[in-house]
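Peer 1: Dropping the structure in here first, questions after.
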Amino acid sequence: MTQTSWSPPDASKAGATLETFVLEGMFQVPGATGTFTSVLNQISLAAKLITCRVRSAGLADVLGYTGETNVQNESVQKLDVIANGIVLNVLRRRGHCMGVASEELDHAVIFPEARGGYLVVVDPLDGSSNIDVDVSIGTIFGILRADRDKPITEGSFLVSGKDYAAAGYVIYGTSTVLVLTTGKGVHGFTWDPAAGEFFLSHENMRCPERGNIYSVNEGNHARWTDGVKRWASHMKEEDKADGRPYTHRYVGSLVADAHRTLIKGGIFAYPADTKSPKGKLRLLYEANPMAMIFEAAGGRAITGRGRVLDVVPSELHARVPLIIGSKTDVETFERFAGNEA
Ligand code: AFP
């Protein structure tokens, strides 16, 4: 058969590089200046550079601790410092990012010379305790619009998650995958080390309505509220008709636990407990980006007392309880532990 005209084999964007995908999105926005695209591209560059360091960490003497503690009073790993440095250097470069609030630093870093209109919140290397044992770790980020008419201060970062322009994470796992949302749709891009590019591999990710895995640090059981204890017992009870018991999985890197939950469904919970009465995870760099992703993928994200994205941060390093996952599974948690998580 003679082919008279050429047409693309598939209307899907599968196989597009991250840069192409983001550029095509930009072309659909009338009046777009390319500033947002530039910030996203710099984040993907940081992810590539961190991937290189993570993949060769055991060879390059960057495993282990620096001997210092960070603002969260946690021991700092060498890779934490390296990843933080990479993110700050890369974002400063083009002048489109006006400042960065990092989980690793006491205070936000403002770039006075920048002309662009965005701020970035970031946990450069999440899951540090897993670095030395070759378990998946990640980078989590959010992009905020900056008000160009006002000077940038630390207060500029204290907006609720529903005002983030974009959010995402990078998982350094069996492969490196960057997952991104601008609020509409969630897309995953897998790093091809040979080509040196992220390619679209997970188009329009949806969190299943319900899963069969629950993910929580069971070692905190004695510190939980009665509601959370009842919820965890419920997940473990045998009830064939209701699909229980659920399987338990807990990596201890939010990025890894969230990535699995996004793909397979189920629930990840880090509720408040007597040791961390406000919750352990950081609102700006961990909870908000994940909440934005889960909601955009059809899942839910709550603190126990309401939507994560509605919480207005009181300070840069504010912590919140975080419960994310499939709609039905988050509803079950709410039934048992809502208002006391
Ligand atoms: P680190 O980066 O200090 O390892 O913390 C990881 C984390 O913030 C998050 O990624 C995990 O979900 C959570 O803490 C694990 O906390 P527990 O060790 O208390 O379970």
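Numbering-wise, the sequence shown is residues -13 to 327 according to the working numbering.
Just so it is clear, CB atoms sit at the ideal spot from N, CA and C, and this is done for glycine as well.
Remember, predicted model here, so these are calculated numbers, not experimental data.
(1) Give the secondary structure of D118 by DSSP, where H, G and I count as helix, E and B as strand, and everything else as coil.
(2) Go through the region 209 to 253 residue by residue and report every complete run of the alpha helix (DSSP H) that reaches 4 residues or more, in order.
(3) Smallest Cα separation from L270: which of G213, D315, D259 and G154?
(4) Pick helix, strand or coil for A180, following the three-state DSSP scheme.
(5) For the ligand ADP, is there a heavy atom less than 6 Å away from the beta-carbon of N70?
(6) In terms of residues, what are the limits of the alpha helix (DSSP H) holding R78?
(7) Is N203 near the ligand AFP, going by C-beta to nearest heavy atom under 6 Å?
(8) With a CB to CB cut of under 7 Å and the five nearest residues on each side skipped, what residues in its chain are close to R78?
(9) Quick check: V294 and A323, are their CB atoms within less than 7 Å of each other?
(10) Hey, out of G292, G1 and C38, whose CA is closest to S161's CA?
(11) Kindly indicate the opening and closing residues of the alpha helix (DSSP H) around M328.
(12) Following a CB-centred definition, is G252 positioned closer than 6 Å to any heavy atom of the ligand AFP?
(13) Leaving out five residues on either side along the sequence, give the residues of the same chain with a beta carbon under 6 Å from the beta carbon of A242.
(14) Can you give the Cα-Cα distance for A151 and T19, rounded to whole angstroms?
(15) Following the continuous beta strand (DSSP E) through C83, name the residue where it begins and the one where it ends.
(16) Under the three-state reduction of DSSP, which class applies to P(-6): helix, strand or coil?
(17) Using 8 Å as the threshold, is the region 179 to 186 in touch with the region 223 to 238, meaning 3 or more CB pairs across them?
(18) Please confirm whether any heavy atom of the ligand AFP lies closer than 6 Å to the CB of S142.
(19) Alpha carbon to alpha carbon, how far is E281 from G252? Give it in angstroms, no decimals.
(20) For the beta strand (DSSP E) holding F127, just list the boundary residues, first then last.
(21) In the DSSP output, what is I157 paired with across the bridge?
(22) Rounded to the nearest angstrom, what separates T168 and G213 at their Cα positions?
(23) Look at L164 and V156 and say whether their C-beta atoms are less than 7 Å apart.
(24) Per DSSP, what kind of secondary structure is T(-12) in: helix, strand or coil?
(25) Going by DSSP, what residue range makes up the alpha helix (DSSP H) through I36?
(26) Excluding sequence positions up to five away, which residues of its chain have a Cβ less than 8 Å from the Cβ of G1?
(27) Look at the alpha carbon of T345 and the alpha carbon of L26, and state the distance between them as a whole number of angstroms.
(28) Look up F175 in the DSSP assignment and give the residues it is bridged to.
Peer 2: On the basis of the data shown:
(1) For D118, the three-state secondary structure derived from DSSP is helix.
(2) You should have 212 to 222 and 240 to 250.
(3) Among G213, D315, D259 and G154, the Cα nearest to that of L270 belongs to G154.
(4) Note: A180 maps to coil in three-state DSSP.
(5) As far as ligands go, the structure on display features the ligand AFP and does not contain the ligand ADP.
(6) Unbroken alpha helix (DSSP H) run through R78: K64 to R79.
(7) Flag set: Cβ of N203 near the ligand AFP.
(8) Contacts found: F97.
(9) The answer is no: Cβ separation not under 7 Å.
(10) Residue C38 is the option with its Cα nearest to S161.
(11) No answer is possible for residue 328: the residues shown for the chain start at -13 and end at 327.
(12) Distances from the CB of G252 to the heavy atoms of the ligand AFP are all 6 Å or more.
(13) Here the set comprises S122.
(14) A151 and T19: Cα-Cα distance of roughly 15 Å.
(15) Going by DSSP, C83 is part of the beta strand (DSSP E) stretching over C83 to S88.
(16) Note that P(-6) scores a pLDDT of 44, beneath 50, so its modelled location is shaky; the value from the coordinates is reported in the next line. DSSP places P(-6) in coil when its eight states are reduced to three.
(17) With a cut-off of 8 Å, the region 223 to 238 and the region 179 to 186 do not count as touching, because too few Cβ pairs lie within range.
(18) Because no heavy atom of the ligand AFP lies under 6 Å away, the Cβ of S142 does not count as near it: no.
(19) Take the alpha-carbon of G252 and the one of E281: they are about 14 Å apart.
(20) Its beta strand (DSSP E) spans residues I123 to R131.
(21) DSSP lists G124 and V163 as partners of I157.
(22) Their backbone Cα atoms lie some 34 Å apart in a straight line.
(23) Contact flag set, yes.
(24) With a pLDDT of only 46 at T(-12), under 50, the local geometry of the prediction cannot be trusted, and no value is derived from it.
(25) Unbroken alpha helix (DSSP H) run through I36: T21 to R41.
(26) Closer than 8 Å at Cβ, skipping near neighbours: F185 and L186.
(27) Only positions -13 to 327 of the chain appear in the structure, and residue 345 is not among them; the question remains open.
(28) DSSP, once it has assigned bridges, lists L164 and L186 as partnering F175.
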